[in-house]
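**Student:**
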Amino acid sequence: MSAVPAPSVSIPYGRQDISEADIAAVVEVLHSDWLTQGPAVPRFEQLLAARTGARHAVAVNSATSALQLVYRALGIGPGSRVWTSPNTFVATASAAALLGAEVDFIDIDPRTLNLCPQRLEERLEAAGRDGTLPDLLVPVHFAGRSCDMAAIGALAKRYGFRVVEDAAHALGAEADGVPVGACRHSDAVVLSFHPVKIVTTGEGGAVLCQDDALATRLQELRSHGITRDPARMPAEPDGAWQYDQLEPGWNFRMTDLQAALGASQLGRLDAFLARRRALAVRYEALLAALALQRPQRDARMRSAWHLYVVQLADAPLRRRVFDALRAAGIGVNVHYRPVYLQPWWRARGFAPGHCPEAERYYAGALSLPLHPRLSESEQNHVVLQLGEALAGLS
Ligand SMILES: Cc1ncc(COP(=O)(O)O)c(C=O)c1O
């Protein structure tokens, strides 16, 4: 295989927007007594919970950690069955595989690009007959648009499985007027604060939930499975120094530096969302004359517009347009190759054809630059270059 040098990208598909106030918030922590395990993390958690309507927010060092943490806290382990969408980042599935669970993928609805509730229902009916119902379903709010959680929640009640929403793309999104994160139809919701996401902490993530016992377990597991609460200890402590390890856990803690940045960024969330939405509306108009499929909007699902994904006619055209735009310094990207087509999953028996809609979508998918700092002239340039690439190649 020949190594192709990556051309330099001057307009990235996503990036952070850091203000002087964000920087000042981090510097304040650097001057304080606590770089980690101080007051900034619980403050950020309270702000996250208030914003989303969750009772609890548990901040951690990435969404990947958050997924593993909440799967484990819900009892996922060897022999468990976890189902998710193929149209996601590998972490959604691999966090379950790392715990020893058996993972399967439910095809997407080509209109929403999210896990399809009808396909899910069909698979559940069959699994009910075979005795292979899932323990946990992880719907992914792809590109910032919520899945139909009311439909999924009804199926969860009927078939008795748990639900964790992977909302790494969807902080600030709404479904039927309710913020993503409120856990109306799920056990928990996972957020990511990676720099390309809606708000950033550098690296970072969180689990949102309503249940007090689940929140306590998440807090313990993110910090070695340790408690300092005498009420959680099986016997009277020897003294005030004592902590008890209740089970093996991880160090998935977020630092106070990250939490201070997150709290400051959260204060800018509405401005970020408004800018992303305005750019999405602008793309819709600018792209109307081009031979491609634009994202379909839905009045019920207010997207956070993490990604703006268009679909081209076929894989060879997508490849040529991708290369032409990258050569022109435009950081287009592709989200996502169906997870089960990755080598590790192929080696475990998955093959092309497992989720035909996700494969069809992947063949033509192209993510255009979308982030709060993208200027209108940069956006015009992206559309002009895309139009030229399509005209030159068709
Ligand atoms: C859908 C989805 N889930 C999980 C993750 C993992 O997030 P993190 O980078 O915070 O670990 C990502 C990151 O891209 C993602 O897109």
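Going by numbering that gives the first Met the number 0, the residue at position 369 of the sequence shown is 368; the numbering climbs one at a time, nothing skipped. Cβ coordinates follow ideal geometry from the N, Cα and C atoms, glycine included.
Would you say the beta carbon of F104 comes nearer than 6 Å to a heavy atom of ligand 1?
**Tutor:** no
**Student:** Just the residues with CB closer than 6 Å to a heavy atom of ligand 1, in chain order, which are they?
**Tutor:** Per the Cβ criterion, the list is S61, A62, T63, T87, F88, A90, T91, V139, D165, A167, H168, S191, H193 and G204.
**Student:** Can you tell me which of E173, L34, W33 and A90 puts its alpha carbon nearest to the alpha carbon of R301?
**Tutor:** E173
**Student:** Do you know offhand how far N379's Cα is from V195's?
**Tutor:** 21 Å
**Student:** I'd like to know whether the C-beta atoms of V28 and A39 end up nearer to each other than 7 Å.
**Tutor:** yes
**Student:** Quick one: which unbroken beta strand (DSSP E) runs of 3-plus residues sit fully inside the segment 198-250? Chain order, please.
**Tutor:** Qualifying beta strand (DSSP E) stretches, in chain order: 204-208.
**Student:** Nearest by alpha-carbon distance to A58: which of A262, C354 and Y282 is it?
**Tutor:** A262
**Student:** Identify whether T87 lies in helix, strand or coil by the three-state DSSP scheme.
**Tutor:** DSSP places T87 in coil when its eight states are reduced to three.
**Student:** Expressed to the nearest angstrom, what Euclidean distance is found between the alpha-carbon atoms of I75 and Q384?
**Tutor:** 47 Å
**Student:** For D103, does the three-state DSSP call read helix, strand or coil?
**Tutor:** In the displayed model, D103 falls within a strand according to three-state DSSP.
**Student:** Less than 7 Å separating the beta-carbons of C182 and V189?
**Tutor:** No, Cβ-Cβ distance for C182 and V189 is not below 7 Å.
**Student:** Starting from S366, trace the beta strand (DSSP E) both ways and give me its first and last residue.
**Tutor:** S366 -> beta strand (DSSP E) spans A364 to L367.
**Student:** In terms of DSSP beta bridges, what is H476 paired with?
**Tutor:** The requested residue 476 does not occur in the structure, where the chain is confined to residues 0 to 393.
**Student:** Shorter than 7 Å from the beta carbon of A65 to some beta carbon of chain B?
**Tutor:** No chain B appears in the structure shown, which is made up of a single protein chain.
**Student:** Assuming T87 and V338 make a contact with CB atoms under 8 Å, what is their CB distance in whole Å?
**Tutor:** 6 Å
**Student:** Would you report the Cα separation of T215 and W249, rounded to the nearest angstrom?
**Tutor:** 14 Å
**Student:** Straight-line CA distance for A56 to A288?
**Tutor:** CA-CA distance, A56 to A288, rounds to 44 Å.
**Student:** Exposed or buried, which one is L170 when buried takes at least 16 other CB atoms within 10 Å?
**Tutor:** buried
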